[in-house]
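Residues 45 to 392 in my numbering are what the sequence shown spells out, letter by letter.
A quick write-up on the structure given underneath.
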Amino acid sequence: MITSKDIKEAAKRMGADIVGIGSIDRWSTAPIQMDPKQIMPKAKSIICMGFRVLRGSLRGLEEGTYFSNYSAMGYGGITYLYMPMTVINLAKMIEDAGYEAVPMGHQSDWRAIDNSGYMKKNFSRPVAPGKAAPDVMINLRIAGFLCGLGEIGYSKMLLTPEFGPRVRVGIIITELELEPDPIIEPGTLCNRCMACVRECPGGCIPADRTVKDNVGGYELEWADVDMERCDWVFQGGAESEEGERGDYFNENWKSGKYKPSDISPFYKAPPHLYNSGKAVCGAKGCTRACMISLEKRGVLKNKFENPFRTSKPWHVDWSQEAIAVDYTPPYEGKDSPNNIKSNDTDTD
Ligand code: SF4
Ligand code: SF4
């Protein structure tokens with residue numbers, strides 16, 4: 045019989061940074077569209093794995109010089125590549141022992157609810173009375189809480205004792221009965237410092253509007269985050285005024301016009317990486333500011349020699365002429381550094 049200890053050791057060997065287990069009864073109050081029993085009626089346990097976002101993946105954003113690393117290595121690469129491999133391999137181990145296991149990550153594009161939890165209109169219909177409309181999607185952050193990996197911060201992010209908000213989550217729903225982990229008491233990490241509110245570039249995390257929910261017997265409260273606004277703010281867009289340019293996104297995004305905001309140095313929104321969003325904002329409030337606050341308080345286990353923030357946060361002043369850039373090819377001819385020819389554009 046596989047034990048919780050076996051599962052945790054295997055998950056870490058396979059690439060998870062942190063692992064927690066919740067018994068299925070903790071989801072007894074889950075809404076139908078987020079109920080794991082809608083996917084696996086005989087489920088007994090949920091295994092939740094956390095994958096750290098490297099602090100180094102946020103470095104280039106903090107410096108304002110290298111943005112793609114967070115979207116690729118800290119976001120899409122984990123979500124669509126690294127995490128599914130670990131989750132699938134662990135599910136194989138459970139099925140080899142004779143228990144069904146559903147591996148789950150971020151298949152949000154097919155879910156029947158939108159980012160704010162409302163049913164999408166004319167998207168899908170239940171196949172029988174009493175069943176959810178496809179796709180059901182387990183709330184991964186709530187799973188992190190119910191499996192004892194962390195708490196839900198004011199920002200609505202999962203905060204873990206190891207990495208704070210710097211973590212992405214994958215889960216397995218299984219018929220295997222496992223010893224559950226204790227839940228981390230709400231308020232263990234989030235002290236309502238409101239750094240996330242102050243530093244969110246779009247004001248998407250309100251200080252005075254919250255959502256309350258009973259989750260696994262705990263009364264949780266988090267900010268009523270404006271997810272629709274976050275959708276374009278985090279890509280570096282800002283609403284255009286009359287007479288201003290509005291071509292930051294290729295089409296009229298959500299029937300509005302957008303310009304680059306002061307946290308985007310890009311003339312137009314850059315392309316997707318690994319199918320994930322273009323996280324130009326780099327989670328400035330909900331991740332970076334929160335992490336800085338938690339690190340300053342010394343409450344995270346992942347310690348660093350140097351503080352993350354070493355200079356004042358930068359802003360792009362789009363009302364000014366651009367800082368001059370030398371567009372002449374710098375690496376002409378054989379005397380060039382590293383002998384790179386100017387037409388070698390693919391320097392990956
Ligand atoms: S920044 Fe402060 S208030 Fe916001 S989630 Fe983090 S600890 Fe909580
Ligand atoms: S991703 Fe950026 S815009 Fe969205 S809530 Fe976090 S800090 Fe705000």
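Where is the CB? At the ideal position from N, CA and C, for every residue including glycine.
Just so you know, these numbers come straight off a predicted model, no measurement behind them.
Residue i (DSSP reduced to helix, strand or coil)
i: V269; result: coil
i: E229; result: coil
i: S115; result: helix
i: I46; result: coil
i: Y162; result: coil
i: P147; result: strand
i: R353; result: coil
i: K340; result: helix
i: T109; result: coil
i: S320; result: strand
i: N133; result: helix
i: R185; result: helix
i: T389; result: Unreliable positioning characterises T389 in this predicted model, as indicated by a pLDDT of 49, which lies under 50. The coordinate reading is nonetheless provided below. Correct three-state label for T389: coil.
i: T73; result: coil
i: S67; result: strand
i: I384; result: In this prediction, I384 scores a pLDDT of 49, lower than 50, which makes its location untrustworthy; the coordinate-derived value is nonetheless stated afterwards. Here I384 sits in coil by DSSP.
i: A83; result: One detail in the question is off: residue 83 reads as Ile in this sequence, not Ala. DSSP places I83 in helix when its eight states are reduced to three.
i: I51; result: helix
i: D291; result: strand
i: I367; result: coil
i: I249; result: coil
Distance between beta carbons of residue j and residue i, contact taken as under 8 Å
i: E223; j: L344; result: Going by Cβ atoms, the distance from E223 to L344 rounds to 26 Å, so no, they are not a contact pair.
i: W362; j: D306; result: 7 Å
i: M148; j: A54; result: Not a contact, Cβ separation roughly 17 Å.
i: G260; j: L202; result: The Cβ separation is near 14 Å, so there is no contact.
i: A60; j: G100; result: A60 to G100, Cβ: 19 Å. No contact.
i: A323; j: Y114; result: 6 Å
i: L105; j: G326; result: 3 Å
Residue from the options whose Cα sits closest to the Cα of residue i
i: E265; options: K256, M271, C191 and E272; result: K256
i: D158; options: M181, G120, I228 and S72; result: M181
i: K301; options: R289, Y311 and C330; result: R289
i: E263; options: M129, E229, M271 and I367; result: E229
i: S320; options: M117, Y143, Y371 and A366; result: M117
i: Y198; options: Y110, G188, C330 and G120; result: C330
i: F352; options: G342, H359 and V360; result: G342
i: M163; options: R103, N350, M78 and I196; result: M78
i: R57; options: W71, P75, E107 and M129; result: M129
i: T123; options: H150, L134, I46 and E295; result: H150
Burial state of residue i (16 or more Cβ within 10 Å)
i: V200; result: Position check: residue 200 holds Lys in this sequence, whereas Val was assumed. Counting Cβ neighbours within 10 Å, K200 comes out buried, since at least 16 surround it.
i: P209; result: buried
i: I90; result: buried
i: R155; result: buried
i: T372; result: exposed
i: N183; result: buried
Counterpart residues of residue i in DSSP-defined beta bridges
i: I216; result: I91 and P147
i: N258; result: E263
i: P304; result: G281
i: G208; result: T204
i: E195; result: L203
i: R96; result: V211
Closer than 7 Å: residue i CB and nearest ligand 4 heavy atom
i: I249; result: Absent from the structure shown: ligand 4. Ligands present: ligand 1 and ligand 2.
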